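If you're matching them up, the sequences are chains V and E in order.
Those letters in the first sequence? Residues 57 to 193, per the numbering used here, in order.
Those letters in the second sequence? Residues 46 to 124, per the numbering used here, in order.
Ideal Cβ placement from N, Cα and C applies to all residues, glycine included.
Remember, it's a predicted structure, so these values are computed and weren't measured experimentally.
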Amino acid sequence: MIRLTRDPIDHAALTEQVRRRDCGAVVLFLGTVRDLTGDEVTVALDYDAYPGMAEKKLAEIEAETRQRWPVGDMILEHRLGHLEVGDVSVAVVVSCPHRAQAFEACRYAIDRLKELVPIWKKENWADGSTEWVHPGA
Amino acid sequence: MTVLLFARARDLLGVERLVVHPPEPATIGELRQRLMRDHPGIAELVAKSALALNDEYASDPTPIPVGAEVALLPPVSGG
Chain V
57 MIRLTRDPID HAALTEQVRR RDCGAVVLFL GTVRDLTGDE VTVALDYDAY PGMAEKKLAE
117 IEAETRQRWP VGDMILEHRL GHLEVGDVSV AVVVSCPHRA QAFEACRYAI DRLKELVPIW
177 KKENWADGST EWVHPGA
Chain E
46 MTVLLFARAR DLLGVERLVV HPPEPATIGE LRQRLMRDHP GIAELVAKSA LALNDEYASD
106 PTPIPVGAEV ALLPPVSGG
């Protein structure tokens with residue numbers, strides 16, 4: 057399952073949702089808003105997306121992950137809007153029969169998400185300035 | 046043809062969509078060149094951005110079908 061949301065991510069509920077009798081391993085990755093980038097202080101992030109394409113790419117990543125590993129269930133959820141330091145911006149949770157598969161599948165899904173999904177974050181720095189984050193540009 | 050803008054491109058130009066006047070660019074590469082020429086304020090960003098056609102990444106040689114939804118996607122930073 058994939059989802060874009062403007063509400064806080066209930067990662068405990070998502071983790072419960074993928075637990076299955078045939079899966080002995082559940083791996084959860086959370087991306088959270090960090091307070092420092094180098095020496096610069098972040099007070100908040102704003103996330104924006106190209107929503108239709110973002111949902112399509114998230115669904116493709118789920119399909120790719122399921123093709124490569126014996127996933128029991130998985131959820132990719134990304135939050136949009138204004139997030140404060142410490143808030144959860146993304147959750148990837150995967151259940152598999154065994155732990156190595158679950159770790160690998162979860163790592164693959166978050167790495168692909170960061171590479172492919174049209175979502176952008178804007179830094180709100182402590183000095184009041186803002187800056188869209190575009191790696192390499 | 047209109048091109049959807051996001052993130053820094055949207056802020057730099059102050060609009061959510063750009064109208065590209067005829068003659069319509071035939072390919073993604075032609076559109077990229079046109080955007081860089083007509084909007085020097087985002088030229089550097091356009092050079093490093095992806096373009097999408099109907100919700101799919103499209104390389105420069107890709108033809109642009111009539112009526113396609115076109116979007117300029119600066120390097121992504123989700124997660």
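| Check | Outcome |
| --- | --- |
| Burial state of His-154 (chain V) (16 or more Cβ within 10 Å) | exposed |
| Spatial neighbours of Met-81 (chain E) in its chain, beta-carbon cut-off 6 Å, leaving aside the 5 residues before and after | Ala-88, Val-91 |
| Close Cβ partners of Cys-194 (chain V) (< 7 Å) along its chain, the five nearest in sequence each way excluded | The requested residue 194 (chain V) does not occur in the structure, where chain V is confined to residues 57 to 193. |
| Beta-carbon proximity of Leu-96 (chain E) to Leu-63 (chain E), cut-off 8 Å | no |
| Under 9 Å by beta carbon: chain E residues contacting Tyr-106 (chain V) | Leu-49, Phe-51, Ala-97, Asp-100, Ala-116, Leu-118 |
| Interfacial residues, the stretch 73-97 of chain E to chain V, with Cβ spacing under 9 Å | Glu-89, Leu-90, Ala-92, Lys-93, Ser-94, Ala-95, Ala-97 |
| Alpha-carbon spacing of Leu-49 (chain E) relative to His-66 (chain E), whole angstroms | 14 Å |
| Alpha helix (DSSP H) segment containing Ile-117 (chain V), residue limits | 107-124 |
| Nearest residue (CA-CA) to Ala-100 (chain V), options V:Gly-192, V:Lys-113, V:Pro-191, V:Glu-187 | V:Glu-187 |
| Contact belief for Val-144 (chain V) with Ile-58 (chain V) at Cβ below 8 Å, rounded distance in angstroms | Actually they do not touch by this definition, with Cβ atoms about 16 Å apart. |
| Per-residue burial, Ser-94 (chain E) [other beta carbons within 10 Å of its own, 16 or more giving buried] | buried |
| Stretch pair the stretch 88-99 of chain V + the stretch 176-186 of chain V: three plus CB contacts closer than 8 Å | yes |
| Contacting positions in the stretch 112-143 of chain V - beta carbon closer than 8 Å to chain E | Lys-112, His-134 |
| Cross-strand partners of Ala-81 (chain V) (DSSP beta bridge) | V:Cys-152 |
| Coil, strand or helix - Pro-120 (chain E) by DSSP | coil |
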